[in-house]
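This report concerns only the one structure given below.
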Amino acid sequence: MELLTPRLLLREFKEDDWHFTNLYEADLKVMRFQTQEVRDFKGSQEYIQQCIAEAKEEPRTLFDLAIVLRSTDMLIGKVGMKVDYDAEEAALWYILNRTYWNKGYGTEAAQELLKFGFEELHLHRVWADCDPRNIGSYRIMEKLGMRREAHFRENIFIKGEWCDSLVYAILDHEWQHKIIPS
């Protein structure tokens, strides 16, 4: 599976991608608001192997794709969706190497995956969540046209503390009528 945007290629992970994913998976600032801990080399290798195996499952419910800069062929992050076909919805996520923050890559990648979800998988709803302190993450959701549905207080225990969660979502008919600024 490959999806193209003006600046990005979203593709399946390859065995040797762990070298690049570990650049952000081992970064404490990048991983601060993620549920998983920082990963060592072995953890990154195992995660890539898991992604490759899950991509072969039928029906496919997990779409975890590498974000690659088309201009340099550099893997800079990942974007994904976990699909629940019975509910006609999916959970969306994204994570970028810190070097590539604030350049619009996260929004561009997530926008293309939303398009795939609504136009190819015919989903009714896509949602995402984040820690309210993760301003960059919820700004991406807002740029995607997602609306805030909830602010849960101390609903998840992550890395030794109780954390809040913001939940954003967009429906298929909202997606059809939205315009995302460049």
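Heads up: the sequence shown is residues 1 to 182, going by UniProt numbering. Cβ coordinates follow ideal geometry from the N, Cα and C atoms, glycine included.
The beta strand (DSSP E) with residue i in it runs from where to where?
| i | result |
| --- | --- |
| Y168 | 161-171 |
| L123 | Note, L123: premise wrong, no beta strand (DSSP E); not H, not E. |
| L23 | Run containing L23: none in the beta strand (DSSP E); it sits in the alpha helix (DSSP H), 18-25. |
| H154 | The sequence shown places Glu at residue 154, not His. Its beta strand (DSSP E) spans residues 147-158. |
| V30 | Run containing V30: none in the beta strand (DSSP E); it sits in the alpha helix (DSSP H), 28-31. |
| E63 | Before going on, a small fix: residue 63 reads as Phe here, not Glu. Here the beta strand (DSSP E) through F63 covers 62-69. |
| R11 | 8-11 |
| E15 | It is not in any beta strand (DSSP E) - E15 carries neither H nor E in the DSSP assignment. |
From residue i to residue j, what does the alpha carbon distance come to, in whole angstroms?
| i | j | result |
| --- | --- | --- |
| T5 | E154 | 37 Å |
| V30 | T21 | 11 Å |
| S165 | K178 | 25 Å |
| L65 | H124 | 21 Å |
| F157 | G106 | 26 Å |
| T72 | E2 | 17 Å |
| C51 | E174 | 30 Å |
| E37 | D27 | 10 Å |
| R39 | D17 | 14 Å |
| M74 | G43 | 21 Å |
| Q176 | A150 | 23 Å |
| K82 | M146 | 17 Å |
| I67 | F152 | 30 Å |
In terms of residue numbering, what span does the alpha helix (DSSP H) encompassing residue i cover?
| i | result |
| --- | --- |
| G77 | Premise fails: G77 lies in the beta strand (DSSP E), 75-84, not in any alpha helix (DSSP H). |
| A87 | Element bounds for A87: n/a, residue is neither H nor E. |
| E142 | 135-143 |
| E46 | 41-55 |
Given a cut-off of 9 Å, decide if residue j and residue i are closer than it, judged by their beta-carbon atoms.
| i | j | result |
| --- | --- | --- |
| R11 | L69 | no |
| E15 | Q49 | yes |
| A110 | L62 | no |
| E88 | H122 | yes |
| L23 | N97 | yes |
Can you name, in chain order, every residue of its own chain whose Cβ lies under 6 Å from the Cβ of residue i, other than the five neighbours on each side?
| i | result |
| --- | --- |
| F33 | D131, N134 |
| A128 | L92, M141, Y168 |
| I95 | G77, K78 |
Take residue i and list the residues in its own chain whose beta-carbon comes closer than 8 Å to its own, dropping the five residues that flank it on each side.
| i | result |
| --- | --- |
| P59 | Y85 |
| L114 | L92, V126, L144, I170, W175 |
Assuming residue i contacts residue j (C-beta within less than 8 Å), just tell me the rounded distance between them.
| i | j | result |
| --- | --- | --- |
| D172 | F118 | 5 Å |
Excluding five sequence neighbours on each side, which residues of the same chain lie with their C-beta closer than 7 Å to the C-beta of residue i?
| i | result |
| --- | --- |
| S182 | Because the pLDDT of S182 is 41, which lies under 50, any placement of that residue in the model is unreliable, and the question is left without a value. |
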